[in-house]
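Heads up: the sequence shown begins at 6 in the numbering used here, then just goes up one per residue. The C-beta atom is built at its ideal place from N, Cα and C for all residues, glycine as well. In this text the structure is predicted, and so the values were computed from the model without any measurement. Heads up: the structure comes next, in C-alpha cells.
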Amino acid sequence: MNGTCKRPAAVELRLSAFGPHRGAVFPLSPLTVFAGESGAGKSAVLRALALLGRLADGAVLAEAGASAACTPLEAGPD
Numbered sequence: 006m007n008g009t010c011k012r013p014a015a016v017e018l019r020l021s022a023f024g025p026h027r028g029a030v031f032p033l034s035p036l037t038v039f040a041g042e043s044g045a046g047k048s049a050v051l052r053a054l055a056l057l058g059r060l061a062d063g064a065v066l067a068e069a070g071a072s073a074a075c076t077p078l079e080a081g082p083d
C-alpha cells in the first residue's frame, strides 16, 4: 500500500423525503448526470449530496446546512 487513504464511493443516493423527492433512488457512478425539466428537483439532489458530504466530514446536522424546508412536516423516519 502507498499510504493514501481513499474514501469508499457511494453507489446510490436514496431520498425518502428531501425537497420534491419522495422515495427516490438515484444510482451514482464516477460520472452521473442529472437532467430534467425546470423544477424537477435536480438542484435538490445536488443539495442533498453536498449535505451528505459535510456530514461525512464530521459536521453536525444543524451546522451542515440542513433546512427544515427540505423535509415536509408529515415526513417520518424510514
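**Prompt:** Would you call phenylalanine 23 buried or exposed, if buried means 16 or more other Cβ atoms sit within 10 Å of its Cβ?
**Reply:** buried
**Prompt:** Going by C-alpha distance, which of Arg27, Ala64, Leu18, Thr9 is nearest alanine 45?
**Reply:** Arg27
**Item:** According to DSSP, residues forming a beta bridge with glutamate 17
**Value:** Pro32
**Request:** Would you grab the beta carbon distance between arginine 59 and alanine 69 for me? Rounded to a whole angstrom, and I think it's under 8 Å.
**Result:** 4 Å
**Inter-residue Cα distance where the pair is leucine 57 and threonine 9** = 22 Å
**Request:** Could you work out which residue in Glu17, Gly41, Ala61, Ala29 is closest to proline 35 when comparing CA atoms only?
**Result:** Glu17
**Request:** Using three-state DSSP, classify alanine 45 as helix, strand or coil.
**Result:** coil
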